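So the sequence lines, in the order shown, correspond to chains V and W. Just so we're aligned: the first sequence equals residues 403 to 641 in our numbering. Just so we're aligned: the second sequence equals residues 403 to 641 in our numbering. Virtual Cβ for every residue (Gly too), placed ideally from N, Cα, C. Since the model is a prediction, treat every value here as computed from it, not as a measurement. Everything on this sheet refers to the single structure shown next.
2 protein chains.
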Amino acid sequence: MAEPIPIRGGNAPDNPRRAGRASAGPYLYAALRDQIVRAELAPGERLSEAELGERLGVSRTPIREALGRLRDDRLVEVRPQIGTFVARISPAAVSDAQFIREALECTAVRVSAELADVESMAQMEENLRAQERATDRIDIDAWQLLDDTFHRQICDLSGHPAVWPVNERAKSHLNRLRRLSLSMPDYLPTMVEAHRTVAEAVGNHDPDAAEAALREHLRAVLREVPRIREQHPDYFEEP
Amino acid sequence: MAEPIPIRGGNAPDNPRRAGRASAGPYLYAALRDQIVRAELAPGERLSEAELGERLGVSRTPIREALGRLRDDRLVEVRPQIGTFVARISPAAVSDAQFIREALECTAVRVSAELADVESMAQMEENLRAQERATDRIDIDAWQLLDDTFHRQICDLSGHPAVWPVNERAKSHLNRLRRLSLSMPDYLPTMVEAHRTVAEAVGNHDPDAAEAALREHLRAVLREVPRIREQHPDYFEEP
DNA sequence: GCGAACGCACTTGTATACTAGTATCCACGC
DNA sequence: GCGTGGATACTAGTATACAAGTGCGTTCGC
């Protein structure tokens with residue numbers, strides 16, 4: 403077997419041959435999802451199970467496990483006996499993802515505003531400062547990680563840790579959209595500012611303000627869809 | 403290979419060897435999940451991949467695909483090199499499922515109340531009548547199917563078809579709880595009545611009333627947890 | 001009798017072999 | 001030149017073989 407070829411960049415863990423004996427499936431899932439979100443695997447691109455396995459240094463079996471989860475997420479489309487493809491962006495799927503995310507995260511932030519304590523707010527503040535640093539460096543990769551962490555904090559603070567995994571799967575679709583937005587660097591300061599507004603409302607134990615600020619922030623990405631579609635028409639579904 | 407042994411009862415499709423050449427994974431997932439929800443596979447019970455494959459007439463490969471999804475759902479626990487077990491009921495997981503379900507379904511019902519048209523309301527009414535018939539027969543299996551359909555209608559009516567699959571996965575945990583509630587037959591008429599209240603509010607295009615009625619209905623199951631735990635302490639996590 | 005160590009049976013995870021179906025491309029007939 | 005048929009090289013789905021690890025039972029030593 404060929405040695406695993408590290409996946410360049412990205413937020414994925416380091417290597418499928420991890421220390422322990424845990425299965426490689428979850429790692430491969432995270433790695434492939436990251437590549438799809440970053441558009442290193444372009445919408446519509448064909449994925450060969452065999453080639454992916456060769457590239458990542460594993461057999462088809464764990465690759466298929468990862469692709470199965472990605473199919474559940476609607477990030478890849480598997481056509482039996484034909485091929486596996488990176489899903490093109492479907493406005494309907496994006497809308498669904500937005501709906502799910504808004505419902506979950508806005509509900510969570512209300513609870514979080516009630517439960518927020520000093521320690522949690524300190525963690526959020528630390529994350530916000532890191533976001534500002536990443537913004538100054540125009541380090542989109544780092545900022546994306548911090549963005550995920552920020553929204554995860556909101557979910558976890560509600561006391562329901564199972565919310566984040568669900569939210570994350572919906573968020574993938576929206577993250578991919580944002581990645582394709584060429585003017586994204588311009589928006590980084592705006593988004594950090596929006597995060598700070600949400601965090602302040604949470605710290606002030608003001609559920610209404612927190613929900614309103616978060617909802618407004620979440621909808622910002624969605625407004626970019628038409629422009630992105632104009633720039634990358636081939637990345638979208640045909641209909 | 404041994405011929406597949408049909409799964410007794412339940413809501414699962416008929417046979418893994420379906421007409422087409424679609425993969426058996428989704429079928430097996432639905433079948434096993436149904437058995438878990440119905441507690442035919444009891445919480446804590448050990449599942450052998452090999453034995454499941456033999457019983458269902460397939461090899462370990464598609465069985466593992468189904469178990470992987472069930473693990474994502476937290477309905478089974480896979481301990482590498484040790485075994486796979488039906489997850490015991492975790493009050494935390496139940497609480498998380500309830501949170502997710504409330505957030506999604508209550509948000510959906512608000513939109514549905516705005517979008518409801520004559521045809522959709524007729525479908526709901528038809529479902530409600532079927533629920534009443536199932537209640538008269540005390541046919542819990544049939545009622546459970548109709549309950550899923552009713553809540554699915556609420557989700558789909560919002561115009562976001564991707565909501566239901568997510569909601570369904572959370573609902574599984576709550577369905578399993580309800581299954582264990584020995585006094586469930588007593589509650590059937592109450593629940594049908596609650597459904598009707600929700601449907602009426604939706605038909606009246608009254609989002610506030612619809613959300614309030616649905617939220618109250620959804621929380622009914624949760625109130626049973628302590629009693630169920632008393633009746634089946636071995637079905638719950640130890641901590 | 002009791003304890004410890006070895007070994008066997010069984011587990012999940014991974015790799016590979018095999019099956020059945022699709023699309024493409026090229027050659028051949030018209 | 002054009003249409004058609006077939007070989008071929010792929011695809012995903014499934015079955016099976018192999019690897020690595022765990023726990024329990026038995027047996028040997030004291």
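Q: Spell out whether any CB of chain W is found under 8 Å from the CB atom of residue 558/V.
A: no
Q. Cα separation between residue 527/W and residue 500/W?
A. 26 Å
Q) Which chain W residues are close to residue 562/V, counting only those with a beta carbon under 8 Å from its beta carbon? A) 497, 498, 501, 502
**Q.** chain V residues whose Cβ lies nearer than 8 Å to that of residue 470/W
**A.** 427, 467, 470, 471
Q. How is residue 480/W classed by DSSP in three states: helix, strand or coil?
A. strand
Q) If we count the other Cβ atoms within 10 Å of its Cβ and call it buried at 16 or more, is residue 403/V buried or exposed? A) With a pLDDT of 35 at residue 403/V, under the threshold of 50, the modelled position of that residue is not reliable, and no figure is offered here.
**Q.** residue 568/V: contacting residues in chain W (beta-carbon distance under 7 Å)
**A.** 502, 568
Q. Residue 486/V touches chain W at which residues, Cβ-Cβ below 7 Å?
A. Simply none; closest approach about 12 Å.
Q: Using only alpha-carbon positions, find the residue among 590/V, 483/V, 525/V that is nearest to residue 546/V.
A: 590/V
Q) Who does residue 457/V pair with in a DSSP beta bridge? A) Residue 457/V is not bridged to any residue.
(Q) Applying the 10 Å Cβ sphere with the 16-neighbour rule, what's the burial state of residue 606/W? (A) exposed
(Q) Given this structure, state the Cα-to-Cα distance separating residue 489/W from residue 585/V, to the nearest angstrom. (A) 46 Å
Q. Excluding sequence positions up to five away, which residues of its chain have a Cβ less than 6 Å from the Cβ of residue 578/V?
A. 439
Q) Name the chain V residues whose beta carbon is nearer than 7 Å to that of residue 509/W? A) 505
**Q.** Rounded separation between residue 476/V and residue 576/V - CA only
**A.** 13 Å
Q. Looking only at C-alpha atoms, which of 479/V, 568/V, 497/V, 541/V sits nearest to residue 622/V?
A. 497/V
Q) What does residue 501/V pair with, by DSSP beta-bridge criteria? A) DSSP, once it has assigned bridges, lists no residue as partnering residue 501/V.
Q) Which residue or residues does DSSP assign as beta-bridge partners of residue 592/V? A) Beta-bridge pairing links residue 592/V to no other residue.
Q | Beta bridge counterpart(s) of residue 463/V as assigned by DSSP | A | DSSP, once it has assigned bridges, lists no residue as partnering residue 463/V.
**Q.** Contacts of residue 565/V in chain W (Cβ-Cβ under 9 Å)
**A.** 498, 501, 502, 505
Q. Would you report the Cα separation of residue 634/W and residue 538/V, rounded to the nearest angstrom?
A. 57 Å
Q. Which whole-angstrom value describes the C-beta separation of residue 548/V and residue 532/V, a residue pair presumed to lie in contact below a C-beta threshold of 8 Å?
A. 5 Å
Q: For residue 441/V, I'd like the list of residues in its chain whose CB is within less than 7 Å of its CB, leaving aside the five on either flank, ordered along the chain.
A: 578, 581, 582
Q: Provide the residue(s) that pair with residue 488/W in DSSP beta bridges, ordered along the chain.
A: 478/W
Q | Cut-off 6 Å between Cβ atoms - residues of its own chain near residue 572/W, not counting five sequence neighbours on either side | A | 499, 502, 503
Q.
How far does the alpha helix (DSSP H) with residue 609/V in it extend, from its first residue to its last?
A. 609-624
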